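Okay, so here's the structure we're looking at.
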Amino acid sequence: MELLRLENITVSFKFPEGEITVLDNINFTVNEGDFIALLGPSGSGKSTILRIIAGLLKPNKGKVYYKGKEIKGVNPGVAMVFQNFALFPWLTVLENVELGLKAKGVPPEERRERAIKAIDLIGLDGFENAYPKELSGGMKQRVGFARALVMDPDILLLDEPFSALDVLTAENLRNDLIELWIEKRIPTKAIILVTHSIEEAVYMADRVLLLSKDPGRIIKEVKITLPHWRDKKSQEFLDIVDEIYGVLTGKPVERISAKEKKPLHIPQASVGSITGLVELVNDLEGKADIYKLGEELLMDVEDLLPIIEACEILGFAEIREGDIILTEAGREFAEADVLERKEIFKKLAIEKVPFLKQIVKLLQSKSNHKMPRSFFLDLLKQHLSPQEAEKELDILIDWGRYAELFEYDDDRDELYLPETSELLVNVQKQEE
Ligand SMILES: Nc1ncnc2c1ncn2[C@@H]1O[C@H](COP(=O)(O)OP(=O)(O)OP(=O)(O)O)[C@@H](O)[C@H]1O
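In structure tokens, the structure reads:
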């Protein structure tokens, strides 16, 4: 049965530089039993959609229907859980949970009874009289859930409720919610979850609506028919994650797999950006969600991908389930001093990028150990467009110079091996 319908929703905001359309013609229906995830990059308007559904924001165009009736004010059928918990610090857990019922005019006894039940249900039994400051992040968010559930909403709106929690706490709370939902221990008829995490969406939801940004549009709906509990390591799960990743980045997932690369191609990532990314992921304990990372760096995932790809090709990192994970070599590189870094980079670049090795070999074979840039450019042009070849050679030169595999004379536009170079010996040794 249809619970909610969004029809041609368009939202724009006025800025000094003009009006910007944030949501463009959003249409979808929520039926009883739906667990929907809204997934998309930052700024794609996910939270704005929740505010529209809740009736907290009026769209410029379009209508929202709840149980067939157009919503003109606050939607009576929804309750929301926020990323930052949004608790009142001066109220106890019980008082925080009771507040919505009080506002609705529910008599004191009934609201106390219902609040205590919601607190029990969400696993906070015994903390009724605690104040938010006495609670951990995970417990605060449990209060956030109790406060929403106590209203017995038809539709639970979740605005990134797990993203401020540490990994284990978030996983526990996710599982507790799924359990309440699949065992029908809550009367909630539908859930809409806003998230950045592809894995979270595929783990929890049955329908994933993928949004693009500038302006926010629904670009695809992916149905997830895997039964709960879902195995994040299973091939089916990983295939769905890859499919979504491909849609959101506009690139098939194979493009970031080093194994699938043509031997010549290296991504457009300077040594500086590779170093920066490896250091950053190392500071994040060696693992980071690619989407989150893009956000923290204020970069589109699109722009981050070549750097990630370069890290993968060089063997500094692996990509798994939308996360970048440093390898042993990546950690070693991040923690090394300047000279050690050059050594590590040199070893891996020679091993993993055959064309760099080829450059060194060619330079070695010349009696003066010099060759014009145009020679290598022509070699690359046999496989790439002239523009791509130029870009690729610039990156190869950047990597090669940093690793001290060769030098480059800007005035003469030539690559050369300095007299003092020990590289030839090293390369020969590696080959033996
Ligand atoms: N009240 C407002 N006034 C002006 N601009 C707004 C307002 N609310 C949202 N926006 C803009 O609308 C766009 C979408 O915001 P929204 O928070 O819905 O995106 P989101 O996908 O939920 O992002 P995030 O994942 O970062 O929370 C953003 O560019 C935001 O700056």
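Residue numbers for the sequence shown follow this note's numbering, beginning at -2 and rising by one.
C-beta atoms are modelled at their ideal positions from N, C-alpha and C, and glycine is treated no differently.
Predicted model, so just to flag it, every value in this text is computed and none were measured.
Counterpart residues of residue i in DSSP-defined beta bridges
{"i": "M77", "result": "L154"}
{"i": "Y62", "result": "R2, E67"}
{"i": "R398", "result": "Partner(s): none; R398 has no beta bridge."}
{"i": "N24", "result": "Partner(s): none; N24 has no beta bridge."}
{"i": "L430", "result": "Outside the shown range of the chain, which is -2 to 429, sits residue 430, and nothing can be said about it."}
{"i": "T18", "result": "S9"}
{"i": "K220", "result": "R204"}
{"i": "Y405", "result": "L412"}
{"i": "A314", "result": "L323"}
When the options are compared against residue i, the one with the closest alpha-carbon
{"i": "E309", "options": "E340, P264, L294", "result": "P264"}
{"i": "I116", "options": "A145, R398, E14", "result": "A145"}
{"i": "I241", "options": "E(-1), L1, E318, L414", "result": "E318"}
{"i": "V219", "options": "I237, R227, S231, H225", "result": "I237"}
{"i": "G247", "options": "P150, P38, V27", "result": "P38"}
{"i": "D411", "options": "Q379, N365, S382", "result": "The displayed chain sequence assigns Glu, not Asp, to residue 411. Among Q379, N365, S382, the Cα nearest to that of E411 belongs to N365."}
{"i": "I451", "options": "L165, V268, K114, Y62", "result": "Here the chain covers residues -2 to 429 and nothing more, so residue 451 does not appear."}
{"i": "V191", "options": "S160, R182, E168", "result": "S160"}
{"i": "E306", "options": "E329, L377, K349", "result": "K349"}
{"i": "E197", "options": "L170, G327, K99", "result": "L170"}
{"i": "L118", "options": "L323, A100, V103, G141", "result": "G141"}
{"i": "K114", "options": "L91, K101, F352, P56", "result": "L91"}
{"i": "G97", "options": "I23, L390, P150", "result": "P150"}
{"i": "G65", "options": "G291, G15, E4, A34", "result": "E4"}
Backbone secondary structure at residue i - three-state DSSP
{"i": "R204", "result": "strand"}
{"i": "P260", "result": "Any reading at P260 needs caution, since the residue's pLDDT is 46, under 50, leaving its predicted position unreliable; the model's value is listed next. The answer is coil: DSSP assigns P260 none of H, G, I, E or B."}
{"i": "T324", "result": "coil"}
{"i": "E282", "result": "coil"}
{"i": "P415", "result": "coil"}
{"i": "D173", "result": "helix"}
{"i": "A440", "result": "Absent from the structure is residue 440, since the part of the chain shown begins at -2 and ends at 429."}
{"i": "K55", "result": "coil"}
{"i": "F124", "result": "coil"}
{"i": "R214", "result": "strand"}
{"i": "R370", "result": "helix"}
{"i": "E95", "result": "helix"}
{"i": "V250", "result": "Any reading at V250 must be qualified, since the residue scores a pLDDT of 48, below 50, and its modelled position is unreliable; no value is offered."}
{"i": "V335", "result": "helix"}
{"i": "S362", "result": "helix"}
{"i": "D149", "result": "coil"}
{"i": "A255", "result": "Model confidence at A255 stands at a pLDDT of 36, short of 50, so the residue's coordinates are unreliable and nothing is read from them."}
{"i": "S209", "result": "strand"}
{"i": "I179", "result": "helix"}
{"i": "I304", "result": "helix"}
{"i": "I46", "result": "helix"}
{"i": "V103", "result": "coil"}
{"i": "L235", "result": "helix"}
{"i": "V90", "result": "helix"}
{"i": "R229", "result": "Checking the displayed sequence, the identity of residue 229 turns out to be Lys instead of Arg. Coil, per DSSP."}
{"i": "G243", "result": "helix"}
{"i": "Q379", "result": "coil"}
{"i": "F82", "result": "coil"}
Cβ distance (whole Å) where residue i is taken to contact residue j below 8 Å
{"i": "A76", "j": "M(-2)", "result": "Actually they are not in contact, since the Cβ atoms of A76 and M(-2) sit about 20 Å apart, beyond 8 Å."}
{"i": "I216", "j": "L207", "result": "5 Å"}
{"i": "G213", "j": "S44", "result": "G213 to S44, Cβ: 10 Å. No contact."}
{"i": "V205", "j": "I188", "result": "The Cβ separation is near 13 Å, so there is no contact."}
{"i": "A331", "j": "I321", "result": "Not quite, the Cβ-Cβ distance comes to about 13 Å (not below 8 Å), so this is no contact."}
{"i": "I152", "j": "V275", "result": "That belief does not hold up - the Cβ atoms of I152 and V275 are roughly 43 Å apart, past 8 Å."}
{"i": "K289", "j": "H225", "result": "Rounded, the Cβ-Cβ distance is 25 Å, inconsistent with contact."}
**Asked** Just checking, does the region 105 to 123 make contact with the region 73 to 89 on the three C-beta pairs under 8 Å criterion?
**Response** No, they do not touch.
**Request:** Decide yes or no for the touch test of the region 188 to 208 against the region 166 to 177: beta carbon pairs closer than 8 Å, at least 3 of them.
**Result:** Because the criterion of three Cβ pairs below 8 Å is met, the region 188 to 208 and the region 166 to 177 touch.
**Request:** Take every Cβ of the region 123 to 139, pair it with every Cβ of the region 0 to 18, and state whether three or more of those distances are shorter than 8 Å.
**Result:** The count of Cβ pairs closer than 8 Å, one atom from the region 123 to 139 and one from the region 0 to 18, stays below three, leaving the stretches out of contact.
**Item:** Any heavy atom of ligand 3 within less than 5 Å of residue CB: hits in chain order
**Value:** Of the ligands one can find in the structure shown, namely ligand 1, none is ligand 3.
**Prompt:** How about the region 286 to 306 and the region 332 to 343: do they share at least three Cβ pairs that are nearer than 8 Å?
**Reply:** Judged by pairs of C-beta atoms under 8 Å, the region 286 to 306 does not touch the region 332 to 343, as fewer than three such pairs exist.
**Message:** For the region 400 to 418 against the region 282 to 290, do three or more pairs of beta-carbon atoms, one drawn from each stretch, fall closer than 8 Å, so that the two count as touching?
**Reply:** Touching, no.
**Prompt:** How about the region 121 to 132 and the region 49 to 64: do they share at least three Cβ pairs that are nearer than 8 Å?
**Reply:** No, because fewer than three Cβ pairs between the region 121 to 132 and the region 49 to 64 fall closer than 8 Å, the two stretches do not touch.
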